[in-house]
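Undergrad: Submitted below is the structure of interest, expressed as structure tokens.
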Amino acid sequence: MKTLKDIPVGATVTVTRLHGEGPLKRRVMDMGITKGVEIYVRKVAPLGDPVEITVRGYELSIRKSDAEIIEVEKGSSSPKPQTTSAEESAAEAPSAANADDSREIKIALAGDPNCGKTTLFNELTGGNQYVGNWPGVTVEKKEGRIKGYRNVILQDLPGIYSLSPYSPEEIITRTYLVKDRPDAIINIVDGTNLERNLYLTTQLLELGIPTVVAVNMMDVVRKNGDDIDFMKLSREIRCPVMPISALTGEGTREAAAKAIELAREGNAATRPHVFTGSVEHAIAHIEESIQGKVEERSIRWYAIKIFERDEKAYGGLGLDKELLGHLDEHVVECEKEMDDDCVSIIINQRYARVKELADASLRKRRKAGSLTLSDKIDRIMTNRILALPIFAAVIWLMYYVSVTTVGSWMTDWANDGVFGDEGWHLVWPTGGKAAAWEDDSAAYAAAQARIEAFEAAGDENATRLFRIEDEESGTVVNYPGELDEYLASKYADAEAFGNISKDDILALFDEKGAAKDTALADISLSEADGEPALRVAGDDGEDGETFPLSGFIADKASVEAARAIAEPDPADTAKYGLWFRSIPAVTDAAFEKWGIEEDSWAHKLVFDVIFGGVGTVLGFVPQIIVIFLFLGFLEDVGYMARIAFIMDRIFHKFGLSGKSFIPILVGMGCGVPAILATRTIEARRDRRMTIMLGTYIPCGAKAAIIAMFVPAFFSRSAWVASAMYFAGIAVIILGGLILKKFKAFAGDPAPFVMELPAYHLPTFYGIVRHTWDRTKAYMIKAGTIIFAACTIIWLLMHFTWGLHYVGDELDQSILASIGNVLKWLFAPLGFGKDWAGAVASVTAELAKEQSTATLSMLAEPLDVAGGTLPHLRALFMQLNGAGLGTLAALSFMLFNLFNPPCMVAIVTAFREMGSAKWGWICVGFQFLIGYGIALVVYQLGALFIAGHFGFWTIVAILLVLATLWLIFRRAPIIDEEHKD
Ligand code: GDP
Ligand code: MG
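So the mapping is simple: my numbering equals the position in the sequence shown, first residue as 1, plus 25.
Laid out in structure tokens, this is it:
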């Protein structure tokens, strides 16, 4: 016996039998894999699983373990299709509804996943629902009114392959169609995939609801050179069939008008008979017996469901046992005659009929087996060796463009120009002029620094003046004038330079990387590459080391020259081009006019909250737009489904279904829809696990955190940024491994049978709209939640419990006292020295990007030169207190990326988990992960970088060992019968 599992790539086989029973078999059959159908094995995923096949003219990916139930034989021995009687049914069920135009009517959009329902919904209603080129995007019912018809409500339903539901979102659709009964259905059929889509159509028509079949994607059908005979198809299935293209809007109004007309008339479509003699005979018997017990027009639907023994469907009818027992005799008879089970009989016969329909009405130009462009692209994108590197490169590119190029130019412009202190020049088309401004203002700044250093030295005849730039804190020290002061501030017991204590100098050198035992006498002023430097002599005549001071040599003459450089005026349009003053500068001028003083608290509130807090969050909009543009493109082009295909093997190994990857991909935009997207996962334990792990992929808000930290601490490295993404995937996989070892999650992952949609070129408008929707949501959040939170935080930060304004003495504030209570919690993570770390961490739970706003408000009062980034570095030095500012920042970033998602996502998780107990388990688990990662990274980092060893180092090591144990311990044996 050969099963599909054993078939090599490139072979064509014919299905001879399907083994087993239950949902998997049913799902496989619903997807069109039935007895006698031909399957072409296209390829095997990079890691050997799943297998990609072509069946009934479309592509499907199926896991090897699931393919085992499909018994096949070599060759394409097309069996004779089962004969079908397309006899007509006279059951035109006139409805009681009148044709009153003012009556409110409901029209439902139903169809396979990814056939374009939401696109059509948006087109007809002017709505803005989420469209993505992969199955499983819409998981909730959405409503909207059709433009131009006040009384017509259109409903977008989740996609379904069949009316026998498996997953929660499919149940939504079926329950709605069967129980609530819309006035009409627009059945969207993907014209490029007619055969499988019509399978659902045969079932919808049985519901006895007026139906219009809209054949979508006509633009593609035409481009492929295929031809569909709509008249013929319409005659065969006895309902209107109309060509549309939801994307271009072609034919959509007509289809809607037809549906409205049918709904008003209330004329149900004819319910065509699709089954062969004896089955049709049995169904007729059943229909007769339940006459009067169910609504006339649903009678055929229920009869078939009784034939299928689908108790969920007819259970509610209250039919008596005896009758059902009697009816079952007919079914048993049929089963005997056909040597198959009742469900398979129905599915087989449906597909036989559908094949007839497709053969009769579709003329394909392309021969089966020849490669489409999509196939060719897939040869590279899902190639065994290249797939994973390509995936990594795509993500890297996304962050590269966002963090180091376009996104960061725009963000610098937003932060330093629009929200900066002064303003900005028009770069285009007067680029040369704007560059002149850069040069002139830089020259002026250098001149000022020279003058300042000269004056600080207090020595008329000084010739050597140096600057030491402390990169971490952003401090600039002029030597000799300020060095002693600087050292004194850094090392409290230091005396003046020259007779300063040796240890302090050594400490400074230690920090800069010199050996500890260097004698003070060996330190001298020197030069390196013509620039001044501090020199440390080596031992026993060895070459010493030189530490460049970013200094300069100044003397009276050069300072005179510097004094001659006038301050350039940015508003000098002739010289520098158009000048726009920054929002803060404009506001400042206005405040001055209104007499609001600069150090009044009203002035500070506006500047700190709006420009410091909200402005920071808005400043990341350009980078976020870049990420959203990439996501929009990848989603629409169809790459996301490929990622699921590539990742399935890895995920399966770790007990997660490839299906879990779809919510994770959605999560790159926002965690909330990601959690909702878990509804496509059938098994409850897999759903729970995906909810717990799905939000570890950095979302748009977390991208803002990355966009803030990476330039400040990791010199704009796209590697660090994309590493956060892959760290997310790693956490998901490791977390999955750990959870799978618990009884509540153990067991085989759900079957993964997913369609791979053809690639298509996204429309410009579609991507822009996607990006705009998400960006708008981000900006609205900044204007509401973030604004409110910043105001409250600012007030708490600037007032005492006794409601006295504290000015710059923030340590006296309410917020400081709250932070002081919590800060011990964060001390082991490296940013708990100061209350501010606790405050930034806790407020990030409101919304992840809130932490960027909070940090910027906390860093603002620090006395350092040079804009946001040095402020941030100084803040983390202070939060850390042990000289490991960068490590503390890394730990803070990891903690915020990997602890529970924002409040809204947590609430959603509670709801989707279905119980408070599971909600708490989820949040608790996520907190442990975030805390654990930050703890381990900081403690082990501190051990390696600075040799710090203490109690928490031991905890970190134990934590690593415990995690390894959790990952590698044996999985519990579970009883598959009672797993859910
Ligand atoms: P749903 O899952 O049925 O709601 O499908 P969507 O509306 O999300 O659309 C799935 C994909 O098909 C998206 O990438 C759409 O852009 C694309 N699509 C929808 N209608 C058309 C069409 O008429 N022509 C083309 N070429 N693409 C379409
Ligand atoms: Mg949809």
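No residue lacks a Cβ here, since even glycine has one placed at the ideal position from N, Cα and C. Predicted, not measured: the structure shown is a model, and the values here were computed from it.
(1) Would you say V40 reaches chain C, if we count a Cβ-Cβ gap shorter than 8 angstroms as a contact?
(2) Please give the ranges of any beta strand (DSSP E) in the segment 201 to 235, keeping only runs that are unbroken, at least 3 residues long and fully inside the region.
(3) For R378, is the classification buried or exposed, using 16 other Cβ atoms within 10 angstroms of its Cβ as the cut-off for buried?
(4) Is it the case that the CB of D244 approaches a heavy atom of the ligand GDP more closely than 7 angstroms?
(5) Suppose you measure from the CA of D661 to the CA of I843; what does that come to, to the nearest Å?
(6) With a threshold of 6 angstroms on Cβ separation, who are the neighbours of F738 within its own chain once the five nearest residues in sequence on each side are excluded?
(7) Less than 7 angstroms between the CB of C140 and some heavy atom of the ligand GDP, yes or no?
(8) D661: beta carbon under 7 angstroms from a heavy atom of the ligand GDP?
(9) Let me confirm a value: V357 is counted as buried when at least 16 other C-beta atoms fall within 10 Å, else exposed. Which label applies?
(10) Run the proximity test for H44: is its beta-carbon closer than 7 angstroms to any non-hydrogen atom belonging to the ligand GDP?
(11) With 16 as the cutoff for other CB atoms within 10 Å, does M256 come out buried or exposed?
(12) Does the ligand GDP have even one heavy atom less than 7 angstroms from the beta-carbon of H677?
(13) Pull the bridge partners of M267 from the DSSP assignment, please.
(14) Can you check whether the CB of V80 is closer than 8 angstroms to the CB of Y32?
(15) At 4 residues or longer, what runs of the alpha helix (DSSP H) sit wholly inside the segment 601 to 649?
(16) Heavy atom of the ligand GDP less than 7 angstroms from the Cβ of L272, yes or no?
(17) With distances taken Cα to Cα, identify the nearest neighbour of R278 among V177, L342, T217 and E220.
(18) Looking at the structure shown, is H450 part of a helix, part of a strand, or coil, going by DSSP?
(19) Helix, strand or coil: how does DSSP classify S86 here?
(20) Is it buried or exposed for S940, if we count other Cβ within 10 angstroms and need 16 for buried?
(21) Going by the DSSP bridge assignment, what does A135 pair with across the sheet?
(22) Please state whether DSSP places V34 in a helix, a strand or coil.
(23) Tell me which residues share the same chain as A884 and place their Cβ nearer than 8 angstroms to its Cβ, disregarding the 5 neighbours each side in the sequence.
(24) Leaving out the 5 sequence neighbours to the left and right, which residues in its chain are closer than 7 angstroms to M749 when beta-carbon positions are compared?
(25) What separation, rounded to the nearest whole angstrom, lies between the Cα atoms of V1008 and K806?
(26) Do P595 and G448 have their C-beta atoms within less than 8 angstroms of each other?
(27) Here's the rule I'm using: 16 or more other beta-carbon atoms within 10 Å means buried, otherwise exposed. How should T788 be labelled?
(28) Let me check understanding here. Comparing Cα to Cα, which of K858, G302, I370 and K361 lies closest to K330?
(29) Closest to A802 by C-alpha separation, out of A726, G760 and G955, would be which residue?
(30) Applying the criterion that 16 or more other CB atoms from any shown protein chain within 10 Å of the CB defines a buried residue, is M423 buried or exposed?
(31) When the Cα of A746 is compared with those of A865, F658, F935 and W421, which residue comes out closest?
(32) Going by CA-CA distance only, name the one from G100, Q951, R221 and A417 that's closest to L382.
(33) Is K766 closer than 8 angstroms to A996 when the C-beta atoms are compared?
(34) Report all residues from its chain with a CB closer than 6 angstroms to the CB of D859; omit the five preceding and five following residues, and keep chain order.
(35) Answer yes or no: do I608 and A472 have a C-beta to C-beta separation smaller than 8 angstroms?
(36) Should L828 go down as buried or exposed, given a rule of 16 or more other Cβ atoms within 10 Å for buried?
TA: In terms of the structure at hand:
(1) Among the chains in the structure shown there is no chain C, since it carries only a single protein chain.
(2) Runs of the beta strand (DSSP E) inside the segment 201 to 235: 209 to 215.
(3) Position 353 of the sequence shown, counted from the start, is the residue given in the question as residue 378. Residue burial is scored here from C-beta neighbours: R378 has at least 16 other C-beta atoms within 10 angstroms and is therefore classed as buried.
(4) Along the sequence shown, one-based indexing puts residue 244 at 219. Yes, the ligand GDP has a heavy atom inside 7 angstroms of this Cβ.
(5) As a position in the sequence shown, residue 661 is number 636, starting the count at 1. As a position in the sequence shown, residue 843 is number 818, starting the count at 1. Spanning the two alpha carbons is a distance of roughly 47 angstroms.
(6) On the sequence shown, position 713 is the one that residue 738 refers to. So the qualifying residues of the chain are T911 and A914.
(7) Within the sequence shown, the letter at position 115 stands for residue 140. Yes, since a heavy atom of the ligand GDP falls inside the 7 angstroms radius drawn around the Cβ of C140.
(8) Counting from one through the sequence shown, the residue named residue 661 turns up at place 636. Yes, the ligand GDP has a heavy atom inside 7 angstroms of this Cβ.
(9) In the sequence shown, the residue the question calls residue 357 occupies position 332. A residue is called buried once 16 or more other Cβ atoms fall within 10 Å of its Cβ, and V357, having fewer, is exposed.
(10) To locate residue 44, count along the sequence shown from 1; it is residue 19. Flag unset: Cβ of H44 not near the ligand GDP.
(11) On the sequence shown, position 231 is the one that residue 256 refers to. By the neighbour-count criterion, in which a residue is buried when 16 or more other Cβ atoms sit within 10 angstroms of its Cβ, M256 is exposed.
(12) Indexing the sequence shown from 1 puts residue 677 at position 652. Within the chosen limit of 7 angstroms, the ligand GDP does not reach the beta carbon of H677 with any heavy atom.
(13) Position 242 of the sequence shown holds residue 267. Answer by DSSP bridge pairing, in chain order: A239.
(14) Here residue 32 is taken as the residue at index 7 of the sequence shown, counted from 1. Here residue 80 is taken as the residue at index 55 of the sequence shown, counted from 1. With the sequence shown as reference, residue 32 is identified as Ile, and Tyr is not the correct amino acid for it. Going by C-beta atoms, I32 is not nearer than 8 angstroms to V80.
(15) Within the segment 601 to 649, the runs of alpha helix (DSSP H) that reach at least 4 residues and sit entirely inside it are, in chain order, 608 to 619, 626 to 630 and 640 to 644.
(16) Residue 272 sits at position 247 when you count from the first residue of the sequence shown. L272 Cβ: within cutoff of the ligand GDP.
(17) Position 253 of the sequence shown holds residue 278. With respect to the C-alpha of R278, the residue from V177, L342, T217 and E220 having the closest C-alpha is V177.
(18) In the sequence shown, residue 450 corresponds to position 425, counting from 1. Here H450 sits in strand by DSSP.
(19) Within the sequence shown, residue 86 is the residue found at index 61, counting from 1. Of the three classes helix, strand and coil, the one that applies to S86 here is strand, per DSSP.
(20) Locating residue 940 in the sequence shown gives position 915, where the first residue counts as 1. Using a 10 angstroms sphere on the CB of S940, the tally of other CB atoms stays under 16, which defines it as exposed.
(21) Walking along the sequence shown from the start, residue 135 turns up at place 110. Bridge pairing for A135: N212 [DSSP].
(22) The residue you call residue 34 lines up with position 9 of the sequence shown. Per DSSP, reduced to three states, the secondary structure at V34 is coil, with no helix or strand assignment.
(23) Sequence index remark: in the sequence shown, residue 884 carries index 859 (1-based). Here the set comprises T893, H896, L897, A899 and L900.
(24) The sequence position of residue 749 within the sequence shown is 724, counting from 1. Cβ contact annotation for M749 (same chain, cutoff 7 angstroms, sequence separation greater than five): P723, I731 and L922, in chain order.
(25) Lying before the first or after the last residue shown, residue 1008 is absent from the chain, which here runs from 26 to 1005.
(26) The residue given as residue 595 occupies position 570 in the sequence shown. The residue given as residue 448 occupies position 423 in the sequence shown. Against a cut-off of 8 angstroms, the Cβ pair of G448 and P595 comes out as a contact.
(27) Reading the sequence shown from its first residue, position 763 is the one you call residue 788. The residue is exposed, with fewer than 16 neighbouring Cβ atoms inside 10 Å.
(28) Stepping through the sequence shown from its first residue, residue 330 is reached at position 305. Proximity to K330 across K858, G302, I370 and K361 peaks at I370, based on C-alpha coordinates.
(29) For the purposes of this step, residue 802 is taken as the residue at position 777 of the sequence shown. For A802, the nearest C-alpha among the options comes from A726.
(30) Position 398 of the sequence shown, counting from 1, holds the residue named residue 423. By the Cβ neighbour-count rule, M423 is buried, with 16 or more other Cβ atoms within 10 Å of its own.
(31) If you number the sequence shown from 1, residue 746 lands on position 721. Answer by Cα proximity: W421.
(32) Looking up residue 382 in the sequence shown gives position 357. Of the listed residues, the one whose Cα sits closest to L382 is R221.
(33) Sequence index remark: in the sequence shown, residue 996 carries index 971 (1-based). Sequence index remark: in the sequence shown, residue 766 carries index 741 (1-based). For A996 and K766, yes; Cβs fall inside 8 angstroms.
(34) Against the sequence shown, residue 859 aligns to sequence position 834. The answer, listed in chain order, is Q903 and L904.
(35) Counting from 1 along the sequence shown, the entry for residue 608 is found at position 583. Counting from 1 along the sequence shown, the entry for residue 472 is found at position 447. Contact flag unset, no.
(36) By 1-based counting over the sequence shown, the position of residue 828 is 803. Exposed.
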